[in-house]
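Those protein sequences? They're chains A and B, same order as listed.
FYI, the numbering for the first sequence is 7 to 276, going by the working numbering.
FYI, the numbering for the second sequence is 7 to 276, going by the working numbering.
Backbone N, C-alpha and C define an ideal beta-carbon position, used for all residues, glycine too.
Quantities reported herein were computed from a predicted structural model and do not represent experimental measurements.
Report on the structure given below.
There are 2 protein chains.
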Amino acid sequence: MGRPGENIFKPSLQIVNKKNIKDFIVEGLEVYLPSLSLDCVIFGFHENQLKVLLLKMKNAKQWCLPGGFVFKDEDVDEAAQRVLKERTGLSKIFLQQFNVFGKPRRSDSNFHREILRKDGIELADDHWLFRRFVTIGYYALVEYSHVNPEPDNFSDYCTWRDVNDLPDLMMDHRQIAGEALSTLQTHLNYHPIGYSLLPAKFTMPQLQKLYETILNKKLDRRNFQRKILSYGILKRLQEVKKGGAHKAPYLYSFDLRKYHKALKEGLQSW
Amino acid sequence: MGRPGENIFKPSLQIVNKKNIKDFIVEGLEVYLPSLSLDCVIFGFHENQLKVLLLKMKNAKQWCLPGGFVFKDEDVDEAAQRVLKERTGLSKIFLQQFNVFGKPRRSDSNFHREILRKDGIELADDHWLFRRFVTIGYYALVEYSHVNPEPDNFSDYCTWRDVNDLPDLMMDHRQIAGEALSTLQTHLNYHPIGYSLLPAKFTMPQLQKLYETILNKKLDRRNFQRKILSYGILKRLQEVKKGGAHKAPYLYSFDLRKYHKALKEGLQSW
DNA sequence: ACTTCATTGCGTCAATATGACACAATGTAA
DNA sequence: TTACATTGTGTCATATTGACGCAATGAAGT
């Protein structure tokens, strides 16, 4: 079997890096899988708030989720990793497909046409960018402080927004973000969370705040500790964490071997 | 926004119904979303075995999952319902997206070329059917006795196969079926199962067998009953079920109101 | 230096859920 | 009538969970 996509793969990556919108618009049809896109809901945790990384669109008041297209010879999950790398600078991020959004009229082509027009770009009515896209929703968990937000070709800037105070979002991106959050809340019941959202070393109260923030619910401090420790995925370190104004809490880190085991197997009930 | 797909929607449906392969092959490019397909793992329960509905491919020894493409103006989930309706005759089936399979070389175009060639159909190398497809995996739960298996254009017949004794499957369909099963096993931990897999009235042992079959594990009869009743989704009826050679067991049915509530909310752990 | 106080570590206890198993009742077949 | 596999219902020990007590810590205030 041939690999027809390969010879156009490399030049297209350069196109994206050069941020040359016009070339992207012209070549996109050739280098990307048609009809298919992906959108990422990137969660970070900062100052006891759950944040989502968003892009402020050029020539429009709306914001949007970081997203992209899949190269013709590229694995879909790797395309998501690539998009994440481009927006955050991070590699090997925890990424989870959570839903495909496939309603025929998710998008309003006039909306996109107007935006491009404001940049002096006039495209034919049947241009590939205006066609219908089925989008694959991913959510990602990243460590807030490691992220270097980077806008894409169609956005002015890229920044964190509080998940409970989202701005006006393009298309169905608010729905996508909402479903990502509720999926995350559900996954919390059966899978360990925290690695990739927290620093390498963290305190028990920090971890609890993370859970409380995601679940939007208060938890009992002592019961939380008992339960989370029973998973056997934590290692207690020396008790540093001096800066605080109170009793110095222990520092913990994840036992990655056991963490990943728990991630994979989940918490069985039967 | 126009609806360009609409005027070609109806004729294409007829094409499929006529089982006119050539027209399908020629028109497919125009009526379907390119690059995107869907595959359904349809589970049924019969004689205490979990079954999967499979198609025996024409001109090949392999079998395959019921699948299809998405019309240009069709919702993706509805496309899956349509495929299910075509294969089983059933509507409003319980359908669940579980994964997108997006590796670039899932498919071997020569394989499909050979099959068509045996039907005297010779297509260009760059024909749309030979291109790469990203497929959306769905699993469905249906009541075995209500299904009327119906083959599609590319298959000789359509029949149930034991999930533990699958035949040689095309492409990555074995992997897709496997992931569907493990997804189902996981969902069993947090969601009620049984409605749409069992008859309207069923006995506790029947329900238990279903769980045991899906989980591939023996469960204690008395503990099972206690736990499943604690969900509050069952209604006990009169004790009919006479045919049996032993003590007549009670019949149950699902309290659909509570069943769907439990389906939606899941079983929370925090 | 002493006190204050929010916070942390480490418990207890009752209520509930779970796993393992006993026993009587039922209904067909021998 | 008896045998027996199967079903309905229960018990008991153990594990898990929810609610809460209390002493220790350490920066801030006096």
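Beta-carbon spacing of residue i, residue j below 9 Å
i, j, result
"residue 257(A)", "residue 209(A)", "yes"
"residue 88(B)", "residue 73(B)", "no"
"residue 194(A)", "residue 146(A)", "no"
"residue 61(B)", "residue 160(B)", "yes"
"residue 175(A)", "residue 46(A)", "no"
"residue 104(B)", "residue 143(B)", "yes"
"residue 95(B)", "residue 58(B)", "no"
"residue 39(A)", "residue 77(A)", "yes"
"residue 27(A)", "residue 121(A)", "no"
"residue 155(A)", "residue 163(A)", "yes"
"residue 288(B)", "residue 197(B)", "There is simply no residue 288(B) to check, as chain B begins at 7 and stops at 276 in what is shown."
"residue 178(B)", "residue 67(B)", "no"
"residue 113(A)", "residue 93(A)", "no"
"residue 134(B)", "residue 42(B)", "no"
"residue 1(A)", "residue 225(A)", "One cannot answer for residue 1(A) here, as it falls past the ends of chain A, which runs 7 to 276."
"residue 211(B)", "residue 228(B)", "no"
"residue 268(A)", "residue 238(A)", "yes"
"residue 166(A)", "residue 223(B)", "no"
"residue 37(B)", "residue 106(A)", "no"
For residue i, three-class secondary structure by DSSP
i, result
"residue 144(B)", "strand"
"residue 10(B)", "Residue placement at residue 10(B) is poorly supported in this model, since its pLDDT is 37, which falls under 50; the coordinates are not used for a value here."
"residue 264(B)", "helix"
"residue 76(B)", "strand"
"residue 134(A)", "helix"
"residue 107(B)", "strand"
"residue 29(B)", "helix"
"residue 230(B)", "helix"
"residue 6(B)", "Examination of residue 6(B) is not possible in this model, given that chain B is present from 7 through 276 alone."
"residue 188(B)", "helix"
"residue 47(B)", "strand"
"residue 112(A)", "coil"
"residue 100(A)", "strand"
"residue 81(A)", "coil"
"residue 64(A)", "coil"
"residue 38(B)", "strand"
"residue 252(A)", "coil"
"residue 269(B)", "helix"
"residue 193(A)", "helix"
"residue 129(A)", "coil"
"residue 175(B)", "strand"
"residue 274(A)", "coil"
Buried or exposed by the 16-neighbour rule on C-beta atoms within 10 Å, applied to residue i
i, result
"residue 244(A)", "exposed"
"residue 82(B)", "buried"
"residue 151(A)", "exposed"
"residue 271(B)", "exposed"
"residue 246(B)", "exposed"
"residue 132(A)", "exposed"
"residue 53(B)", "exposed"
"residue 85(B)", "buried"
"residue 168(A)", "exposed"
"residue 183(A)", "buried"
"residue 171(B)", "exposed"
"residue 158(A)", "buried"
"residue 12(A)", "Because residue 12(A) carries a pLDDT of 33, less than 50, the predicted location of this residue cannot be relied on, and the following value inherits that uncertainty. Burial call: exposed."
Identity of the residues DSSP links to residue i by a beta bridge
i, result
"residue 209(B)", "257(B)"
"residue 168(B)", "57(B)"
"residue 203(B)", "DSSP, once it has assigned bridges, lists no residue as partnering residue 203(B)."
"residue 242(B)", "258(B)"
"residue 1(A)", "With chain A covering 7 to 276 only, the question about residue 1(A) has no answer from this structure."
"residue 52(B)", "55(B)"
Cβ separation of residue i and residue j, assumed to be a contact under 8 Å, to the nearest whole Å
i, j, result
"residue 220(A)", "residue 56(A)", "6 Å"
"residue 148(B)", "residue 50(B)", "6 Å"
"residue 265(B)", "residue 217(B)", "Not really, about 15 Å apart at Cβ, beyond 8 Å."
"residue 31(B)", "residue 187(B)", "That pair is no contact at about 32 Å."
Heavy atom of the ligand MG within 8 Å of residue i beta-carbon
i, result
"residue 80(A)", "The ligand MG is not among the ligands present in this structure, which contains no ligands whatsoever."
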